[in-house]
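Remarks on the structure that follows.
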Amino acid sequence: MIDTTTIWIVIAALGVGSYFFRFVFIGLIGDRALPAWVLRHLRYTAVAVLPGLVAPLVVWPPATEGQTDGPRLIAALVTIAVGLWTRNVLLTIAAGAVALYLGLYIAG
Amino acid sequence: MPTETTKSIFLTGAREASPFILVVGPFGLLFGVVATEAGLNVLETMTFSILVIAGAAQLTALQLMTENAPTIIVIISALAVNLRMAMYSASLAPYIGPAPLWQRALAAYFLVDQSYGLAAVKYETEPAWTVRQRMAYFFGTIAPVCPFWYLSTLAGALIGSSVPEWLALDFAMPITFIALIAPALRTRAHVAAALVSITVALGLAFLPYNLGLLVAGIAGMVTGAEVERQTMKRAAS
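Each protein sequence line maps, in turn, to chains U and R. Heads up: the first sequence begins at 217 in this note's numbering, then just goes up one per residue. Heads up: the second sequence begins at 7 in this note's numbering, then just goes up one per residue.
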C-alpha cells in the first residue's frame, strides 16, 4: 500500500512541474525562439521514457512475480505489430486486449 | 471584419476534438481503476487527474509508487514523461504568445496532447486567424476532451476494486502505452530512441531505485536527437 503522504507529495510535485512545463514558453518566454537542439531533445522525451518503463513490465510482469509469461509477452508483441501496421491507437489497444485474453484463456 | 465569428471557431474546435473522447474516456477509466487498486481514494485519484491532466505521466507515477520506488525517482520519471509539454508550449508560443496573460495561463493548464495536436495543425493551415480566433479554437478543442477526462477518471475510481481478476488489469497499462507509442514511431529517430530505451531499461533493471529507467530515458532522448541531426545533415548534403 502506498503511503498517503507520498501520494500527496507526488501529486503536488507533478501538478506544479507539469504546469510549469506547459506555461514556460507560452507564458514566460512568449514568442522568442528556442535553440534547435533543445527542441530536438524535447521531441523524443515521450518515446524515450515510455518504452523503458514498459519493457521490464512486459518481460518480467509483477503479476507473475517476475516470471516471464507467454500470454503477456505475446500480447505485447501483437500490440507493437498492430500499432506499427495500423497507426491507430484504439484499434491497437483492442488487438492487444484480444491477444492477451486469448492467450490467458489458452494457457488456462 | 473576420468572416468567422469566434463562437463558430470555438464550435469547430469542439467538433474536431470530439473523436478524442474515444481515446480519453478509456484512458481516464483505466487510470481511475488502477489508482483505486493501488490504494488511492476517490479524492486523491480525482485531484491527481485534475491537477496533472496527463494520463501517461500519472500511470507512470502510480506504477513506480506501487514498486516502492523512492519519491524523488517517481517524480523525476513522471515529469520526464511530461517534458513533451514544454515542447508543445514552445511550439504554440509564436501563435498565442500575444494573448492576454490570464488566457495564456488558462491555456497552459489545458495544454494536453489532443489540444496541442489539433491547434498546431490548425494554426498552420489558418495563418490569417487573429490571436482571439486562435484562442477560441484552442478552448474549443478542450471543451469535449477535459471534462470527459475528469468524468471517466471518476467513473474508473468508483468501479475500482470491483474489477474482476480475470480481466488481468495489470497488463492494461503496458498494452495502452505500447498502443500509444507504436503508432508514434514515425521516423528512424523515433524508432532508435525507443529501441535504445528498451535495451538500456532491460540491461540496467538490476539497478536500485528504478535508476535504470532514468538512464534509459536520457539515453533514448539523446539517441533520438542525434539520429535526427545526422538524418538532416545527410539530407542537406
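Don't be surprised by glycine CBs; every beta carbon is placed ideally from N, CA and C.
Test: residue i CB closer than 7 Å to a CB of chain U
{"i": "residue 95 of chain R", "result": "yes"}
{"i": "residue 240 of chain R", "result": "no"}
{"i": "residue 169 of chain R", "result": "no"}
{"i": "residue 204 of chain R", "result": "yes"}
{"i": "residue 84 of chain R", "result": "yes"}
{"i": "residue 236 of chain R", "result": "no"}
{"i": "residue 14 of chain R", "result": "no"}
{"i": "residue 226 of chain R", "result": "yes"}
{"i": "residue 141 of chain R", "result": "no"}
{"i": "residue 119 of chain R", "result": "no"}
{"i": "residue 58 of chain R", "result": "yes"}
{"i": "residue 7 of chain R", "result": "Low per-residue confidence applies at residue 7 of chain R: pLDDT is 44, beneath 50, and the placement is therefore not dependable, though the value from the model is reported in the following sentence. Judged by the 7 Å Cβ criterion, residue 7 of chain R is not in contact with chain U."}
{"i": "residue 223 of chain R", "result": "yes"}
{"i": "residue 50 of chain R", "result": "yes"}
Pairwise C-alpha distance: residue j and residue i
{"i": "residue 70 of chain R", "j": "residue 216 of chain R", "result": "8 Å"}
{"i": "residue 253 of chain U", "j": "residue 323 of chain U", "result": "49 Å"}
{"i": "residue 22 of chain R", "j": "residue 112 of chain R", "result": "20 Å"}
{"i": "residue 238 of chain R", "j": "residue 193 of chain R", "result": "12 Å"}
{"i": "residue 78 of chain R", "j": "residue 226 of chain U", "result": "8 Å"}
{"i": "residue 289 of chain U", "j": "residue 15 of chain R", "result": "46 Å"}
{"i": "residue 44 of chain R", "j": "residue 166 of chain R", "result": "10 Å"}
{"i": "residue 243 of chain R", "j": "residue 234 of chain R", "result": "14 Å"}
{"i": "residue 76 of chain R", "j": "residue 217 of chain U", "result": "14 Å"}
{"i": "residue 212 of chain R", "j": "residue 126 of chain R", "result": "41 Å"}
{"i": "residue 301 of chain U", "j": "residue 188 of chain R", "result": "9 Å"}
{"i": "residue 65 of chain R", "j": "residue 102 of chain R", "result": "30 Å"}
{"i": "residue 224 of chain U", "j": "residue 236 of chain R", "result": "43 Å"}
{"i": "residue 140 of chain R", "j": "residue 109 of chain R", "result": "11 Å"}
{"i": "residue 220 of chain R", "j": "residue 83 of chain R", "result": "7 Å"}
{"i": "residue 41 of chain R", "j": "residue 208 of chain R", "result": "25 Å"}
{"i": "residue 287 of chain U", "j": "residue 312 of chain U", "result": "11 Å"}
{"i": "residue 104 of chain R", "j": "residue 251 of chain U", "result": "21 Å"}
{"i": "residue 230 of chain R", "j": "residue 186 of chain R", "result": "18 Å"}
{"i": "residue 92 of chain R", "j": "residue 316 of chain U", "result": "35 Å"}
{"i": "residue 151 of chain R", "j": "residue 158 of chain R", "result": "11 Å"}
{"i": "residue 35 of chain R", "j": "residue 28 of chain R", "result": "11 Å"}
{"i": "residue 39 of chain R", "j": "residue 25 of chain R", "result": "23 Å"}
Residue-chain proximity (residue i, chain R), Cβ-Cβ < 7 Å
{"i": "residue 267 of chain U", "result": "yes"}
{"i": "residue 273 of chain U", "result": "yes"}
{"i": "residue 177 of chain U", "result": "This structure leaves residue 177 of chain U out entirely; chain U is present only between 217 and 324."}
{"i": "residue 261 of chain U", "result": "yes"}
{"i": "residue 289 of chain U", "result": "no"}
{"i": "residue 244 of chain U", "result": "no"}
{"i": "residue 286 of chain U", "result": "no"}
{"i": "residue 324 of chain U", "result": "no"}
{"i": "residue 308 of chain U", "result": "yes"}
{"i": "residue 314 of chain U", "result": "no"}
{"i": "residue 222 of chain U", "result": "yes"}
{"i": "residue 319 of chain U", "result": "no"}
{"i": "residue 282 of chain U", "result": "no"}
{"i": "residue 264 of chain U", "result": "yes"}
{"i": "residue 252 of chain U", "result": "no"}
With 16 other Cβ atoms within 10 Å as the buried cut-off, status of residue i
{"i": "residue 11 of chain R", "result": "exposed"}
{"i": "residue 179 of chain R", "result": "buried"}
{"i": "residue 7 of chain R", "result": "Residue placement at residue 7 of chain R cannot be trusted, given a pLDDT of 44 that sits under 50; what the coordinates show is reported in the next sentence. With fewer than 16 other Cβ atoms within 10 Å, it is exposed."}
{"i": "residue 153 of chain R", "result": "exposed"}
{"i": "residue 128 of chain R", "result": "buried"}
{"i": "residue 219 of chain U", "result": "exposed"}
{"i": "residue 249 of chain U", "result": "exposed"}
{"i": "residue 241 of chain R", "result": "exposed"}
{"i": "residue 74 of chain R", "result": "exposed"}
{"i": "residue 6 of chain R", "result": "What the structure shows of chain R is the stretch from 7 to 243, and residue 6 of chain R is not part of that stretch, so it cannot be assessed."}
{"i": "residue 172 of chain R", "result": "exposed"}
{"i": "residue 261 of chain U", "result": "buried"}
{"i": "residue 50 of chain R", "result": "buried"}
{"i": "residue 97 of chain R", "result": "buried"}
{"i": "residue 284 of chain U", "result": "exposed"}
{"i": "residue 321 of chain U", "result": "exposed"}
{"i": "residue 282 of chain U", "result": "exposed"}
{"i": "residue 131 of chain R", "result": "exposed"}
Residue i: CB within 6 Å of a non-hydrogen atom of the ligand NAD
{"i": "residue 311 of chain U", "result": "Absence of the ligand NAD is noted for the structure shown, with no ligands found whatsoever."}
Take every Cβ of the stretch 308-324 of chain U, pair it with every Cβ of the stretch 285-298 of chain U, and state whether three or more of those distances are shorter than 8 Å. yes
Please list the segments of the beta strand (DSSP E) lying wholly inside the stretch 278-323 of chain U, counting only runs of 3 or more residues, in order along the chain. none
When the Cβ atoms of the stretch 226-235 of chain R are set against those of the stretch 200-211 of chain R, are three or more pairs found closer than 8 Å? yes
Jot down the residue ranges of each uninterrupted alpha helix (DSSP H) in the stretch 44-104 of chain R, minimum 4 residues, whole runs only, in chain order. 48-58, 61-72, 77-88, 90-102
If you pair each beta-carbon of the stretch 113-121 of chain R with each one of the stretch 144-156 of chain R, do three or more pairs fall below 8 Å? yes
Touch test, the stretch 50-59 of chain R against the stretch 222-241 of chain U, Cβ-Cβ under 8 Å, three pairs minimum: yes
With a threshold of 8 Å, are at least 3 pairs of Cβ atoms found where one atom belongs to the stretch 130-137 of chain R and the other to the stretch 254-268 of chain U? no
Could you tell me which whole alpha helix (DSSP H) segments of length 4 or greater appear in the stretch 133-169 of chain R? 137-165
Scan the stretch 175-234 of chain R and note each continuous alpha helix (DSSP H) run of 4 residues or more that stays entirely inside, going in chain order. 178-187, 194-209
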